[in-house]
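Residue numbers (the numbering used here), protein chains in the order written: chain A, 2 to 117; chain B, 3 to 116.
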């Protein structure tokens, strides 16, 4: 049963520290999305990639967030420096085809980040 | 630009009662619409999607949704609620540009009372 995996599942850190979240998309999927979920803002799209190239990262605070895909099996989301307002659940999702309007996105279990 | 509006952030039903979760969309092009469900402490998973093949779409766990162009709606229904249906439900529409990007609504939390 192919699944999107995310590590770590939980992360507690102090303000100012660097945080790296990792995602392994489903093998063969070539679109990857990063979302942030909070009670106040709901589900927000931060960035997405197609064939490892960033298509849109306009949802990310550029000064502190960065997203990359070093290879087809790994996507990373980094926050440096982290702030308490970054506390949220971060989801990665992958999609199976080259940018199809009817693609299903497959979500990972999320990383719950708490910044103290 | 595409957008979705989910009417009601919280819906409460009794076990065995009809479930109706409302979603209205706005789209400048023919829309592709989705319902996702999120169980506590889990990621989202697809319930069903409308891809223009049929206006009544059946999904997993007994859910279905009907696309009504005249009403710009895609409401989610289930004839009889089960305790295990308690979750958060998200309606989404495909973004423009054939990117695979989804525009999500704010979500509706479904509570099922015994």
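Even for Gly, the Cβ is constructed at its ideal location relative to N, Cα and C.
Predicted, not measured: the structure shown is a model, and the values here were computed from it.
Quiz item: Is it a yes or a no for the segment 95-111 of chain A touching the segment 31-46 of chain A, going by three-plus beta-carbon pairs under 8 Å?
Solution: yes
Exercise. Would you kindly work out how many angstroms separate the C-alpha atoms of residue 65 of chain B and residue 18 of chain A, rounded to a whole number?
Key: 44 Å
Practice problem: Determine the chain B residues that contact residue 1 of chain A at a beta-carbon separation under 9 Å, and present them in chain order. | Solution: Here chain A has residues from 2 to 117 only, and residue 1 of chain A is not among them.
Quiz item: residue 3 of chain A bridges to which residues according to DSSP?
Solution: For residue 3 of chain A, which the question treats as bridged, DSSP gives no partner whatsoever.
Quiz prompt | For residue 107 of chain A and residue 37 of chain A, believed in contact at Cβ under 8 Å, the rounded distance | solution = The Cβ separation is near 18 Å, so there is no contact.
Practice problem: Note down, in chain order, every chain B residue with its Cβ under 9 Å from the Cβ of residue 60 of chain A. | Solution: Here the premise fails: no neighbours, minimum Cβ distance about 10 Å.
Practice problem: Return helix, strand or coil for residue 62 of chain B, following the three-state DSSP convention. | Solution: helix
Quiz item: Between the C-alpha atoms of residue 96 of chain B and residue 86 of chain A, what's the straight-line distance to the nearest angstrom?
Solution: 29 Å
Exercise. Taking only the alpha-carbon atoms, compute the straight-line gap between residue 27 of chain A and residue 3 of chain A and give it to the nearest angstrom.
Key: 6 Å
Quiz item: Counting pairs of Cβ atoms below 8 Å between the segment 66-84 of chain B and the segment 22-41 of chain B, do you hit three or more?
Solution: yes
Quiz item: So what does DSSP say about residue 22 of chain A, is it helix, strand or coil?
Solution: strand
Exercise. Assign residue 80 of chain B to one of two classes, buried (16 or more other C-beta atoms within 10 Å of its C-beta) or exposed (fewer than that).
Key: buried
Quiz item: Does the segment 39-46 of chain B come within contact of the segment 6-24 of chain B, defined as at least 3 CB pairs closer than 8 Å?
Solution: no
Exercise. Note down, in chain order, each residue of its chain lying with its Cβ closer than 6 Å to the Cβ of residue 61 of chain A, except the 5 sequence neighbours on either side.
Key: 47 and 48
Self-check item: Three-state class that DSSP yields for residue 37 of chain A in the structure shown
Solution: strand
Quiz item: Comparing the C-beta of residue 102 of chain B with each C-beta of chain A, is any distance below 8 Å?
Solution: yes
Self-check item: Coil, strand or helix - residue 85 of chain A by DSSP
Solution: helix
Exercise. Would you mind telling me which residues of chain A sit closer than 7 Å to residue 53 of chain B, beta carbon to beta carbon, in chain order?
Key: 103
Self-check item: Supposed close pair residue 5 of chain A, residue 114 of chain A - CB separation, criterion 8 Å
Solution: With a Cβ gap of about 17 Å, residue 5 of chain A and residue 114 of chain A do not count as contacting.
Quiz item: Leaving out the 5 sequence neighbours to the left and right, which residues in its chain are closer than 8 Å to residue 27 of chain B when beta-carbon positions are compared?
Solution: 4, 5, 6, 7, 33, 35, 74, 75, 76, 93 and 95
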